[in-house]
Structures are given as C-alpha cells and as structure tokens.
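Trainee:
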Amino acid sequence: MNYEYTQQFRQALVEWFNREKRDLPWRRTTEPYHIWVSEVMLQQTRVDTVIPYYNRFIERFPTAETLAYAPEQELLKMWEGLGYYSRARNLQAGVREVVETYHSVVPDNRADISKLKGVGPYTAGAILSIAYGKPEHAVDGNVMRVLSRVLHIKEDIALPKTRKVFEEAVDYLIDPDNTSSFNQGLMELGALICTPTSPKCLLCPVRDYCIAFEAGDAAELPIKTKKVKMKQLELDVVVVQNAEGRYLVEKRPEEGLLANMWQFPIIERGQENIAEKYGVEIGTPTSLLTFKHVFSHLTWHIDSYYAVATETGILADPVEWFTKEQITQLPMPVPMLKIWSQINV
DNA sequence: AAACCGGGGCC
DNA sequence: GGCCCAGGTTT
Numbered sequence: 002m003n004y005e006y007t008q009q010f011r012q013a014l015v016e017w018f019n020r021e022k023r024d025l026p027w028r029r030t031t032e033p034y035h036i037w038v039s040e041v042m043l044q045q046t047r048v049d050t051v052i053p054y055y056n057r058f059i060e061r062f063p064t065a066e067t068l069a070y071a072p073e074q075e076l077l078k079m080w081e082g083l084g085y086y087s088r089a090r091n092l093q094a095g096v097r098e099v100v101e102t103y104h105s106v107v108p109d110n111r112a113d114i115s116k117l118k119g120v121g122p123y124t125a126g127a128i129l130s131i132a133y134g135k136p137e138h139a140v141d142g143n144v145m146r147v148l149s150r151v152l153h154i155k156e157d158i159a160l161p162k163t164r165k166v167f168e169e170a171v172d173y174l175i176d177p178d179n180t181s182s183f184n185q186g187l188m189e190l191g192a193l194i195c196t197p198t199s200p201k202c203l204l205c206p207v208r209d210y211c212i213a214f215e216a217g218d219a220a221e222l223p224i225k226t227k228k229v230k231m232k233q234l235e236l237d238v239v240v241v242q243n244a245e246g247r248y249l250v251e252k253r254p255e256e257g258l259l260a261n262m263w264q265f266p267i268i269e270r271g272q273e274n275i276a277e278k279y280g281v282e283i284g285t286p287t288s289l290l291t292f293k294h295v296f297s298h299l300t301w302h303i304d305s306y307y308a309v310a311t312e313t314g315i316l317a318d319p320v321e322w323f324t325k326e327q328i329t330q331l332p333m334p335v336p337m338l339k340i341w342s343q344i345n346v
C-alpha cells in the first residue's frame, strides 16, 4: 500500500469505527487500569460474556490499589465462570508490581509494561494505544484475520512467528493521530464485518482497499493449520455430607488446571476411591447428574453423587468440612457449580 | 514450536 | 462436533 492509499485506509477505518462502534463499558474510559482489566478479561473471551464481569469487577476493585490488596479467594470468586483463572492471578500480580514499583501508575512504554505479569505483546499494545494514545501495534485474532484479507497475507497464523508479520504491518498502517480508534477499529471490524465465516464484505468500510475482496477469496483467509487432539477423562464426583450437615471440599493445587479453585471429592473412575483418597467412609451414594464438561484440550465425563459420611479420619491439608454458607463463598469451576446446584434444589 | 490453560456461542 | 473468541505462560 502506498502512502496515499494508507492515508485513505486509515481514514475509512477510523471514521467507520467512530460512527459504528458498540457502546461498551470500557469504551467510556481511558483509565489505564480499567483498560487493562478489560483487555485481560477479553483474552479468548467474547465481548457479551465479559460485560457483566467487567462491571462487577470495576465496582468491587475500582483502583489498582483495591485489587492489589484484595484476598485471592475473593478475586477468584469475582472471576468464577470466566475461565482461564490464571488470568486473574496474573492480573493481580501485575497490578501489585505497578503499585509497588511504579507508584500505582501503569507504565506508558512497551519495555516496562511488558514486564508486568500477564501482559504480553497484545495487551501491552492495547493499553498503550487505547489508554495512552501511543502508536503501538495490538495484534489479536481479529487483527490477523482482517489484515490477512486486506493485505492478502497467506502465512499460517497458527505459527507463533507469523504474528510478527502482522505487527510490522500495523506498525506501518497505524494512524499516529488516532491510535485508539485505529486499533479498536481493526478489532471491531473483525467482530462485526470481517467475521471468520461469511464476511459481510458489501458492508465493509475498507472494501476498496482489500486485496482479498478484489480476488474474491476473503472467506478462505486466514490460513490456519493447527488442529488439536482431545484427551478424555472419566471422573466420579461425590458430594459428601457429615453428621453436622457440613460438606467435604478440597482446594486444587496452586498450579495447573483450575489452580486454587475448590471442588468436591473427585476420583478417576476405576483408578481411585473416596475412602482411600480422602480418608472418609461413605454410605451408599445416590445419583445426582451425569454430564460432560469440555475444556480446550480435555473433556471430563462426570458422574456425580451425594453420600453421607459414616466414618471420618484425619483430613489431608487442602480438604475441609464447610457449611453450605461457606461453600457459597468459595470459587468453584463451572462443573462443580452445576453439581452444587443439584444439592440446593 | 508446542503444550497448557475455561467456558460459551455459533455453524 | 469442530471452530473461534480483544492471549499469555511454561516447557
């Protein structure tokens, strides 16, 4: 794209965005911490899902300090149901760095902001361009899809090194006077017009500058190869209640899947048993729910039960008896909430 | 470079 | 059922 074309492309994109942009909560502010929270929530998560979480989160943690000093359990509870819980823990770690190292001011340059936990190349560019007006690239899945079509880039976006191609393209194309609208415009275009399947090219504000539209193969781009294999796990979950009416729960390890989230006793079917793993003898279980829970690279096939404890020994460290009221306060993954809702019908 | 890390919506 | 979503970290 030559200089004049680049100017026209910028103008068409920025004017379309300022005219057509959705009214979203995080678009009513340029406060860097608030933009940061929104960008982390939006990682791999749809706008409509994020909106209620963002509003509740900002109400509870309005400033970097309030989040920095919050108990992790409460933070995870606010994040419950969003998934990718390490995002929340990394966000708090990053915010603590800002409070302690940068006097609570989010850094305004890529070198420093990129050092913060949970802030990668995309999030760094998003905060810098949206909150600070810096001409920095913010390349996400939307941007790669849009630019693969506009510029007819046919490299495999599943390969990590390909992102660099798009970052260099944005470095060249970005409107230095409207960095926020330009970067958000690319993403909004990807979300509303330049969609993965059946792009609405006839409504596209930059159609005149799109090589794929000219070539008629917009729907075939981007090129993405990677396919992943799914692991399967068969599990039994047992809600165990003791004579005092309390329920047995355990905290998951601080690393790995669903780190630091709480769950009811869970065993791999045929490989373990409740008595041995948890030190609790139980009466005859009654069936609750049978269902499937799909993660990114793993599927849990869950049979869930309710049982009464008949004999209890010494519990291991992350295992405790909690009342119904206490359990309601614990951050739990969705499959456990699903089972818990059966107990409280 | 590949694997890991949630959950939901859409086709 | 597979794909995608305002990705980052770990190995």
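Numbering (the numbering used here), first residue to last: 2 to 346. All residues carry an ideal CB built from backbone N, CA and C; glycine is no exception.
Is the Cβ-Cβ distance between VAL171 and VAL144 less than 8 Å?
Mentor: yes
Trainee: Restricting to runs no shorter than 4 residues, where is the alpha helix (DSSP H) found entirely within the segment 27-55?
Mentor: 33-42
Trainee: Is it buried or exposed, PHE292, if we count other Cβ atoms within 10 angstroms and call 16 or more buried?
Mentor: exposed
Trainee: Please name the residue in GLU256, VAL346, ASN3, LYS22 whose C-alpha comes closest to that of SER182.
Mentor: Each of GLU256, VAL346, ASN3, LYS22 was checked against the Cα of SER182, and the nearest Cα belongs to LYS22.
Trainee: Give me the DSSP bridge partner(s) of VAL239.
Mentor: TYR306
Trainee: Can you check DSSP and say which residues form a bridge with HIS294?
Mentor: TRP301
Trainee: Tell whether a beta-carbon distance below 8 Å holds between THR124 and LEU83.
Mentor: no
Trainee: Among the residues of its own chain, which have a CB less than 8 Å from the CB of TYR55, if the five just before and after it don't count?
Mentor: PRO26, TRP27, VAL38, SER39, MET42
Trainee: Can you tell me whether VAL238 is buried or exposed? The criterion is at least 16 other CB atoms within 10 Å of its CB, across all chains shown.
Mentor: buried
Trainee: What residues match up with PHE323 in a beta bridge as DSSP calls it?
Mentor: TYR248
Trainee: For PRO53, does the count of other Cβ atoms within 10 angstroms reach 16, so buried, or fall short, so exposed?
Mentor: PRO53 should be labelled exposed.
Trainee: Is DSSP giving GLU168 helix, strand or coil here?
Mentor: helix
Trainee: Quick check on DSSP: helix, strand or coil for LEU259?
Mentor: coil
Trainee: Residue range of the beta strand (DSSP E) that VAL100 falls in?
Mentor: Looking at the DSSP string, VAL100 is not in any beta strand (DSSP E); the run it does join, the alpha helix (DSSP H), is 87-102.
Trainee: By a C-beta neighbour count over all protein chains shown, 10 Å radius and 16 as the cutoff for buried, is MET231 buried or exposed?
Mentor: exposed
Trainee: Measure how close the beta-carbons of ALA65 and VAL100 come, nearest whole angstrom, since I'm counting them as under 8 Å.
Mentor: 6 Å
Trainee: What are the residues that DSSP puts in a beta bridge with GLU269?
Mentor: For GLU269, the pairing in a beta bridge is given by DSSP as LEU236.
Trainee: If ILE340 sits next to LEU289, beta carbons under 8 Å apart, how far is it from one beta carbon to the other, in whole angstroms?
Mentor: Indeed, because the Cβ distance is near 6 Å, the residues count as touching under 8 Å.
Trainee: Going by DSSP, which residues form a beta bridge with ILE283?
Mentor: ALA310
Trainee: Cβ atoms of GLU81 and MET337: under 8 Å apart, would you say?
Mentor: Going by C-beta atoms, MET337 is not nearer than 8 Å to GLU81.
Trainee: Please report the distance separating the alpha-carbon of LYS78 from that of GLN343.
Mentor: 20 Å
Trainee: So what does SER288 bridge to, in DSSP terms?
Mentor: TYR306
Trainee: Comparing alpha-carbon positions, which option in ILE267, GLU256, LEU174, ALA159 lies nearest LEU222?
Mentor: ALA159
Trainee: Could you tell me which residues DSSP pairs with GLN264 in its beta bridges?
Mentor: Beta-bridge pairing by DSSP links GLN264 to GLU251.
Trainee: Report buried or exposed for SER199, applying the criterion of at least 16 other Cβ atoms within 10 angstroms of its Cβ.
Mentor: exposed
Trainee: Answer yes if the segment 173-193 comes into contact with the segment 7-14, meaning at least three C-beta pairs across the two stretches below 8 Å, and no otherwise.
Mentor: yes
Trainee: Might you give, ordered along the chain, the residues of its own chain that have their beta carbon closer than 6 Å to the beta carbon of THR313, omitting 5 neighbours on each side?
Mentor: Spatial neighbours of THR313 in its own chain (CB-CB distance under 6 Å, excluding positions within 5 residues in sequence) are listed in chain order as VAL281.
Trainee: Roughly how many whole angstroms lie between the Cα atoms of LEU299 and GLU256?
Mentor: 17 Å
Trainee: Cβ atoms of GLU269 and LEU234: under 8 Å apart, would you say?
Mentor: yes
Trainee: Determine the direct distance from the alpha carbon of VAL151 to that of ALA308, and round the result to whole angstroms.
Mentor: 59 Å
Trainee: Let me make sure I understand the geometry here. Which of ALA260, THR67, LEU258, PRO266 has the alpha-carbon closest to that of TYR248?
Mentor: PRO266
Trainee: Please return the same chain residues whose Cβ sits closer than 8 Å to the Cβ of ALA216, not counting the five positions on each side in sequence.
Mentor: HIS153
Trainee: Within 10 angstroms of its Cβ, does LEU203 collect 16 or more other Cβ (buried), or is it exposed?
Mentor: Result: exposed.
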